[in-house]
Amino acid sequence: MKIKFPSIGEISEKGTDTFKRFPFALSIAAIGTISAIWLADVSWGQKADYFYLLNLCWISALSISVFVSITTFSESLGWNFKKAVLLKAGTLFILALYYYLLPEEFSLGETESFYRYSLFFLSAHLLVSFAPFLKSGDVEDFWAYNKTLFLRILTALLYSMVLFAGLSIAMLSLENLLEINISGRRYSQLWILLVGLFNTWFFLAGIPHPKQISQRERKYPGGLKVFVQYILIPLITVYILILYLYTGKIILEWQWPNGWVANLVLSFSIAGILALLLLYPIRNQEKNRWIHLFSKGYYIALIPLIILLMLSIWVRISEYGVTVNRYFVAALAVWLTGIVIYFLIARSKNIKVIPISLCVISILISFGPLGAFEVSKRSQLDRFEGLLEKNGLLSQEKKVVKSQSSISFDDRKQISSKVAYILELEGTEPLQPYFKQDLEEVMDKEENEYRYNDAGKITDLMGIEFVSEWQTDGQAGVSMQSFYYYLESNKSIPVSGYSLYLGEFTFNTYNQNNYEVEIEGVKWVISYNAEDDLLNISSDSTEKGIDLKLTPLINRLKALGGSSQDVPDQSVEMMTLEAEDMGVKVKVVLKNISGIYEGDGVKIQNLTAAILIDTGTED
């Protein structure tokens, strides 16, 4: 078999044709990629000042799918160039307005704006799958089109990873062989460039015209059937059996289902539906009649699991009220119920129903009085008010009064949880009617006393101590306050008196890394033990090791007064530790450090440190 490789001219022509077909999508991809590359060059402490770049990256990621959908939709209807451009220009205006309306803290935490963006992002990607087939009833072409998209995504990702690996090794070779200094940020920028522009361009080049689906694209891959029949379906069957056993346990022990089971039911129910979609084109072949039997049996088997799912959601909501995440799970449960009913009773089973219905639900629940945000806000406020009334914290005018008696730990924890949730999702506005004080002023007021978060300032107005979600009754009365400090930007690190720079090293409590650096034939080992708070630097040649404790530095920063939220950036002097033992000097400059003040103690969770060494020897 002769393999023909495309020439440079053919690649260039294909790339040009792709840009002519998707000019809006590729232009937006370029803007987003440049923004992300620029952002990658900004120090961590300054990123908040560049929120407009970060928001532009998010909007670009959303816009690419939207413009691809518009292009394929207009192609399916045979629109002329002018009509399609007018629709894209109108869409561009709406997306630009959406970008303008995004808050600065858009991507920080579980805020309403970020949740809503996530729903729009999901909807836009689902739209790509069915936009060119809204007016077409050809389900076989719909399947072939999406199969091609799926394989193209995998191919594009593979090519991007291979290119990144190859170019990264080339850059590393320049560093080690030619002694060219290349910043570590250039590797991340290379990845951004490949994923943002090359990956997108390559993927778009392979999107078939909706009216020109070829026989090659309609062909069913034999390997796909093997994967689904012998790997995916058996795995799904095993998990369904596990869930049935768990259902039997619930009935026998007569206990409420674990909230975690909802995620399992949803995950493997959707995976099973995906497996059936992957087998759709070959379902009517004589040798594959089992697919019809499995399909019907699968949807029937899901009915008890959906009941279990609904029961699990109801238990969580009845205990703690509706949150956005619980609303999403409930919405998916309703959608799954509808899909099961449709494929069990409908005579003509159109698989386009799956992405279209999920896309419509995602958009509908993103706004309005019955949307996820209004429903969850009303639910949490109602429970918040109920807790206040129960503990005598609410006057006849529905205003908060300070507690005059002891409040149970569970009630304090629930009040704290409601306040923290509402603050993160909506800010102070929903809570303001309950308080005489201006909550925005309370949030902005500097406090000498360290608090866990802004919710602690509001619970103080009620005369109760804030209780975090992970605190237990035995920890009641132990104050907790998160901290985050970072090195002041654009400040050089003094190197006088030190002959070796080992590098920058990042540690966290979830991944206890040990780093090894070899310089001039000497291997240096850098490790951090969070439990004992010991940063250790040692070498294999001299067998000398130096231990440094970071807690004294954190206590020193705390003693300055004002929280890390007020003054997070610190001078080089304040972020430096030095030690010397048996002729070896070590200088540690913390680039950033974060954790929790727990009572009088400190729990460090993340840190990045630059380390310099002097061994006292001369070349």
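To convert, take the position in the sequence shown, counting from 1, and add 217; that gives my numbering. Note that beta-carbon positions come from the ideal geometry of N, C-alpha and C, so glycine has one too. Quick caveat: nothing in here was measured; it's all calculated off a predicted structure.
Return the CA-CA distance between residue 358 and residue 352, expressed in angstroms with no decimal places.
-> 13 Å
Below 8 Å, can you find three or more Cβ-Cβ pairs linking the segment 280 to 291 to the segment 231 to 248?
-> yes
The segment 585 to 601 touching the segment 630 to 650, judged by at least three CB pairs closer than 8 Å = yes
Pick from 311, 328, 393, 331 that is closest to residue 735, judged by C-alpha positions | 393
Return the chain-ordered ranges of every alpha helix (DSSP H) run that is complete within the segment 291 to 349 and spans a minimum of 4 residues.
-> 298 to 318, 329 to 347
In the structure shown, what three-state DSSP assignment does residue 715 receive?
-> coil
Look at residue 188 and residue 770 and say whether their C-beta atoms are less than 7 Å apart.
-> Summary: the structure shown does not reach residue 188, with the chain confined to residues 218 through 836, and so no result is reported for it.
Taking Cβ to Cβ, would you say residue 596 is nearer than 7 Å to residue 532?
-> no
Cut-off 7 Å between Cβ atoms - residues of its own chain near residue 781, not counting five sequence neighbours on either side = Note on residue 781: pLDDT 48, under 50, position unreliable in the model; the coordinate value appears next. So the list reads 700, 701, 702, once near-sequence residues are dropped.
Do the segment 478 to 494 and the segment 543 to 560 touch if we need at least three Cβ pairs shorter than 8 Å?
-> yes
Use the C-beta contact count for residue 674: other C-beta atoms within 10 angstroms, 16 or more gives buried, fewer gives exposed.
-> buried
Spatial neighbours of residue 819 in its chain, beta-carbon cut-off 6 Å, leaving aside the 5 residues before and after | 768, 771
Within 10 angstroms of the Cβ of residue 372, are there 16 or more other Cβ atoms? Answer buried if so, exposed if not.
-> exposed
Would you report the Cα separation of residue 319 and residue 341, rounded to the nearest angstrom?
-> 18 Å
Which first and last residues belong to the alpha helix (DSSP H) in which residue 439 is found?
-> 439 to 444
Rounded to whole angstroms, how far is the Cβ of residue 235 from the Cβ of residue 418, which I believe are closer than 8 Å?
-> 6 Å
Proximal residues to residue 416 (C-beta, below 8 Å), its chain only, five neighbours per side dropped = 373, 374, 376, 377
Across which residues does DSSP place residue 544 in a beta bridge pair?
-> In the DSSP output, where bridge partners are listed per residue, residue 544 has none listed.
State yes or no: is the C-beta of residue 549 within less than 7 Å of the C-beta of residue 464?
-> no
Out of 645, 483, 585, 732, point me to the one whose CA is closest to residue 547's CA.
-> 483
Is DSSP giving residue 356 helix, strand or coil here?
-> helix
Could you tell me the boundaries of the alpha helix (DSSP H) in which residue 734 lies?
-> Per DSSP, residue 734 belongs to no alpha helix (DSSP H); it is in the beta strand (DSSP E), 731 to 736.
Could you have a look at residue 251 and say whether DSSP puts it in helix, strand or coil?
-> helix
Whose CA, out of 565, 460, 513, lies closest to the CA of residue 523?
-> 460
Mind checking which residues open and close the beta strand (DSSP E) that includes residue 745?
-> 739 to 746
Where do the ends of the beta strand (DSSP E) carrying residue 829 lie?
-> 818 to 831
Give the straight-line distance between the Cα atoms of residue 665 and residue 774, rounded to the nearest whole angstrom.
-> The pLDDT assigned to residue 665 is 38, lower than 50, so where the model puts this residue is not dependable; a value taken from the coordinates is nonetheless given after this. Distance between the alpha carbons of residue 665 and residue 774 is about 13 Å.
For residue 256, which residues of its own chain have a beta-carbon under 8 Å away from its beta-carbon, when the five flanking residues on both sides are left out?
-> 264, 267, 270, 271, 274
Under a three-way DSSP split, which group does residue 764 fall into?
-> strand
Does the segment 560 to 570 touch the segment 622 to 637, meaning 3 or more C-beta pairs lie closer than 8 Å?
-> no
Assign residue 609 to buried or exposed, taking buried as 16 or more other Cβ atoms, counted over all protein chains shown, within 10 Å of its Cβ.
-> exposed
Less than 7 Å separating the beta-carbons of residue 348 and residue 290?
-> yes
Who are the near neighbours of residue 763 in its chain, counting only those whose CB is closer than 8 Å to its CB and skipping five residues on each side?
-> 753, 754, 755, 796, 797, 798, 801, 803
Simplified DSSP assignment, three categories, for residue 551 | helix
Measure the alpha-carbon distance for residue 634 versus residue 537 and round it to whole angstroms.
-> 10 Å
Compare the beta carbon distance of residue 486 and residue 519 with 7 Å and say whether it is the shorter of the two.
-> yes
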